[in-house]
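All residue numbers for the sequence shown refer to the numbering used here, where the first residue is 2 and numbers rise by one.
Since the structure comes first, as structure tokens, the remarks are kept for the end.
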Amino acid sequence: MKALIFDRELRLEEVPLPIRIPGTSLVKVKLAGICNTDIEITKGYMSFHGIIGHELLGTVIESDSDFLSGKRVTTEINIPCKTCDLCQKGLFKHCRNIRTVGIDDYPGVFAEYAVLPDENLHEIPESVSDEKALFIEPLAAAVNVLESVDFSSSHKVCLIGDGKLGLLISMVLSANGIKHQLIGKHEDRLELLGTGNA
Numbered sequence: 002m003k004a005l006i007f008d009r010e011l012r013l014e015e016v017p018l019p020i021r022i023p024g025t026s027l028v029k030v031k032l033a034g035i036c037n038t039d040i041e042i043t044k045g046y047m048s049f050h051g052i053i054g055h056e057l058l059g060t061v062i063e064s065d066s067d068f069l070s071g072k073r074v075t076t077e078i079n080i081p082c083k084t085c086d087l088c089q090k091g092l093f094k095h096c097r098n099i100r101t102v103g104i105d106d107y108p109g110v111f112a113e114y115a116v117l118p119d120e121n122l123h124e125i126p127e128s129v130s131d132e133k134a135l136f137i138e139p140l141a142a143a144v145n146v147l148e149s150v151d152f153s154s155s156h157k158v159c160l161i162g163d164g165k166l167g168l169l170i171s172m173v174l175s176a177n178g179i180k181h182q183l184i185g186k187h188e189d190r191l192e193l194l195g196t197g198n199a
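This is the structure we're talking about:
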């Protein structure tokens, strides 16, 4: 299969099809989104070497799971070890040995196929277009802000950065009635949300 590999330089290479093990599914990649993290990896971030990319829309073509077989899916990117003390307490997001698809110690999705943990895969409803489905992972990162910070109506929120994630966080805050101001350097992006005031 063809895959986009980073090893001090970015190359499109022919590589073996990934091997699926129990608890994982083989996914045929249809779309993969480019995240700023992918760009930073090519500049040395996380010292990652291998197949990059973590935003995916694909179809499960091989799985032990009857539920997943043949389904259109996206993936969560973090893979906890489930054995460390924090995982044992159910704090999987804080796993001491966490691996991250296409970023840290797990092959990414900029390839024709990817093997991903079954529990990380989520079926996409037919009512959601492929292009919109590709935004599920970054949107999930934006929604995570609501889980990480206890906002109240008295908070004055300033969001700095008008990249894809900044815009999505701004939309999530607005959808939840949280008044905020988005500050960035791209006027056209700020205008999408009303000149920086959301």
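Backbone N, C-alpha and C fix where the C-beta goes; we use that ideal spot for every residue, glycine too.
Per DSSP, reduced to three states, the secondary structure at T38 is helical. For D119 against T25, the beta-carbon gap comes to about 6 Å, under 8 Å, which counts as contact. Excluding sequence positions up to five before and after D105, its CB lies within less than 7 Å of the CB of M47 and F49, all in the same chain and listed in chain order.
In the structure shown, the three-state DSSP call for C159 is strand. The beta carbon of P139 sits closer than 8 Å to those of G34, C36, E56, K165, L166 and L169, all from its chain and outside the five residues before and after it, given in chain order. For G167, the enclosing alpha helix (DSSP H) covers residues K165 to A176. Residue pairing by DSSP leaves F152 without any beta bridge partner.
DSSP places R9 outside both helix and strand once states are collapsed to three, so it counts as coil. The Cβ atoms of I20 and V116 lie closer than 8 Å to each other. Close CB contacts of Y107 within its chain, under the 8 Å cut and outside five residues either way in sequence, are with I80, R100 and T101 (chain order). Relative to the Cα of S155, the nearest Cα in the group E14, P17, D67 and G178 belongs to G178.
Per DSSP, A134 is one residue of the alpha helix (DSSP H) stretching across D131 to A134. Fully contained in the stretch 54–129 are the following beta strand (DSSP E) runs of length 3 or more, in chain order: 56–64, 73–76, 100–102, 114–118 and 122–124. Residue pairing of L32 in beta bridges, as defined by DSSP: L58.
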